[in-house]
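Presented below is the structure to which this report refers.
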Amino acid sequence: MIRGLSRIWTGWNRHMTDTDTSSTGDIAIIGGGLNGAALALALAREGFAVTMFDAAPLDILVDEGFDGRATAIAAGSRTMLRSLGVWERIEDTTEPISDILVSDGRVSEGASPLFLHFDHKEVGTEPFGTLAENRHLRTALYDAVADHDGIDHRAPVKVMRVEYGTGWATLHLDDGSYHRARLAVACDGRRSRTAQAAGIRYTGWDYGQTGIVCTVEHERPHQGIAHEYFLPSGPFAILPLKGNRSSLVWTERHDIATAAMGLDDAGFGAEVARRFGAFLGDVQVIGPRWSYPLSLSLAHDYVKPRLTLVGDSAHGVHPIAGQGLNLGFKDSAALAEVLGEADRRGEDIGDLNVLRRYERWRRFDNTSMALGMDVLNRLFSNDVAPLRLVRDMGIAAVGKIGPLRRMFMRQAAGITPGLPKVMRENAR
Ligand SMILES: Cc1cc2nc3c(=O)[nH]c(=O)nc-3n(C[C@H](O)[C@H](O)[C@H](O)COP(=O)(O)OP(=O)(O)OC[C@H]3O[C@@H](n4cnc5c(N)ncnc54)[C@H](O)[C@@H]3O)c2cc1C
Numbered sequence: 027m028i029r030g031l032s033r034i035w036t037g038w039n040r041h042m043t044d045t046d047t048s049s050t051g052d053i054a055i056i057g058g059g060l061n062g063a064a065l066a067l068a069l070a071r072e073g074f075a076v077t078m079f080d081a082a083p084l085d086i087l088v089d090e091g092f093d094g095r096a097t098a099i100a101a102g103s104r105t106m107l108r109s110l111g112v113w114e115r116i117e118d119t120t121e122p123i124s125d126i127l128v129s130d131g132r133v134s135e136g137a138s139p140l141f142l143h144f145d146h147k148e149v150g151t152e153p154f155g156t157l158a159e160n161r162h163l164r165t166a167l168y169d170a171v172a173d174h175d176g177i178d179h180r181a182p183v184k185v186m187r188v189e190y191g192t193g194w195a196t197l198h199l200d201d202g203s204y205h206r207a208r209l210a211v212a213c214d215g216r217r218s219r220t221a222q223a224a225g226i227r228y229t230g231w232d233y234g235q236t237g238i239v240c241t242v243e244h245e246r247p248h249q250g251i252a253h254e255y256f257l258p259s260g261p262f263a264i265l266p267l268k269g270n271r272s273s274l275v276w277t278e279r280h281d282i283a284t285a286a287m288g289l290d291d292a293g294f295g296a297e298v299a300r301r302f303g304a305f306l307g308d309v310q311v312i313g314p315r316w317s318y319p320l321s322l323s324l325a326h327d328y329v330k331p332r333l334t335l336v337g338d339s340a341h342g343v344h345p346i347a348g349q350g351l352n353l354g355f356k357d358s359a360a361l362a363e364v365l366g367e368a369d370r371r372g373e374d375i376g377d378l379n380v381l382r383r384y385e386r387w388r389r390f391d392n393t394s395m396a397l398g399m400d401v402l403n404r405l406f407s408n409d410v411a412p413l414r415l416v417r418d419m420g421i422a423a424v425g426k427i428g429p430l431r432r433m434f435m436r437q438a439a440g441i442t443p444g445l446p447k448v449m450r451e452n453a454r
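Below is the structure:
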């Protein structure tokens, strides 16, 4: 249940008078998606007055039909969401991932006998991650935002343009008013218009693939096992949800995906079942289906004076390993830590030297993960015999070489060095 749906900006801003059409705050977030909302909470926790704008109405963003995806939340992200007062709001609806099975195959042929088994007990006692349905996560984030006095959530309000001056970034809003902040953060998604208007360029490409997402119900329990099944047109991921349900991310070439999305329920269900196989008994698609065109986009710069980029606006990656949002959460945690420390030292939080600390912290991790996912997708999304041989040899090698296998498992679980404090257990 979303609280504060009607909590529009007029009530909050302490700098406003009845006749003003302007407002001010410490930090303005442009885009209130999953990353924007997590960032707002992380910054408010550091004591900043945060204003978050989203162009879409809140009731659309929390509608059941808006976002059908489920996110594999890594251990560090879970710790962060707990510290931000979000995790306890969704914990009951989540499902831990205890094992991951990776295999290579063809539609209707079943998985190849060569497969990789990642067992979480090899790298610790915690599960690899926890599956959270985005509809629950989004509602929990907005509820936590509404409960925080330091955050003003304004939606629907579109930021039309931003001017960067001495001491302030000025946001011009579609209702004719403007808002001033010491720092603007672009969380407005892939190839951010805010970033591009500030002269930031992007490198990237279309994968020629679409991710079809739906939920299925199956006869037998999944036992917390996630499956990554590599088919010639892309990975087919089966992600365990609460109950006898799984979330599917079925990656296909754009033309096949368009045809699949156009099938009636029976035809679509049959195509899903052909790929899913019979290992969990009968499989039924429940609820609607969604499709997402897949692309890579990497911003050349994460920062400019009084502007910084977080989440997909900085890096849009292939969902092959379910890392996109986890990377964005790391950005939010790192930015909040850098800005909190800078502010306590009396530094200007919009200064380029301060913002570059954040960029140095996050860019390498994001870029290497994005390119790693790119290579993995190229290697597996085809039916070329020599490449099939290489990847089957790779699967066999990772399966046999313990340290290599454990390295992959730590990556999947987000157990990596250099995590911000709010993502580490007992750090603060
Ligand atoms: C099929 C698929 C599966 C995935 N699975 C996983 C997974 O398992 N694990 C994982 O970690 N990640 C996963 N991801 C990635 C993850 O979903 C994204 O990284 C994340 O949703 C991006 O969130 P965001 O808030 O950065 O951007 P967006 O969701 O794009 O939000 C941007 C927001 O900005 C607003 N906006 C835009 N312009 C303006 C403006 N001018 N003024 C005001 N508001 C504006 C928009 O309305 C929108 O709400 C997956 C992605 C896909 C496609």
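The sequence shown begins at 27 in my numbering and counts up one residue at a time.
From the three backbone atoms N, C-alpha and C, an ideal C-beta is built for every residue, glycine too.
Since this is a predicted model, take the numbers as computed values, not measurements.
- request: Kindly indicate the opening and closing residues of the alpha helix (DSSP H) around Y204.
  value: No alpha helix (DSSP H) holds Y204; the beta strand (DSSP E) holding it covers 204-212.
- prompt: If you run the structure through DSSP and keep just helix, strand and coil, what is Q249?
  reply: coil
field: Beta-carbon proximity of I282 to S259, cut-off 8 Å
entry: yes
query: Do the segment 402-414 and the segment 323-335 make contact, defined as three or more Cβ pairs closer than 8 Å?
result: no
task: Apply the 10 Å Cβ neighbour rule to H253 and answer buried if 16 or more other Cβ atoms are within range, or exposed otherwise.
output: buried
- prompt: Nearest-angstrom Cα distance between F154 and L320?
  reply: 24 Å
- prompt: Rounded to a whole number of angstroms, what is the C-alpha to C-alpha distance between S317 and T236?
  reply: 6 Å
Cα-Cα separation between R227 and S358, rounded to whole angstroms: 21 Å
field: 7 Å Cβ shell around A98 - same chain, five flanking residues per side excluded
entry: I123, G155, L157, L265, G348
Helix, strand or coil at R386 [DSSP, three-state]: helix
- prompt: Which residue or residues does DSSP assign as beta-bridge partners of S321?
  reply: D232
- request: Write down every uninterrupted run of the alpha helix (DSSP H) in the segment 94-178 whose length is 4 residues or greater and which is fully enclosed by it, in chain order.
  value: 101-109, 113-116, 160-173
message: Looking at the strands, I want to know which residues DSSP matches up with F262.
response: Y255, W276
- prompt: So what does DSSP say about T442, is it helix, strand or coil?
  reply: coil
- request: Would you decide whether D80 is buried or exposed? Buried here means 16 or more other CB atoms lie within 10 Å of its CB.
  value: buried
message: Quick check: the Cα distance between V242 and D52, rounded to an integer number of angstroms?
response: 44 Å
query: Residues in its own chain within less than 7 Å of H162 by CB, not counting five upstream and five downstream?
result: I116, T119
query: If H341 and A362 are in contact, beta carbons under 8 Å, what's the gap, nearest whole angstrom?
result: Not quite, the Cβ-Cβ distance comes to about 18 Å (not below 8 Å), so this is no contact.
task: Report the rounded CA-to-CA distance for A296 versus L142, giving the unit in angstroms.
output: 27 Å
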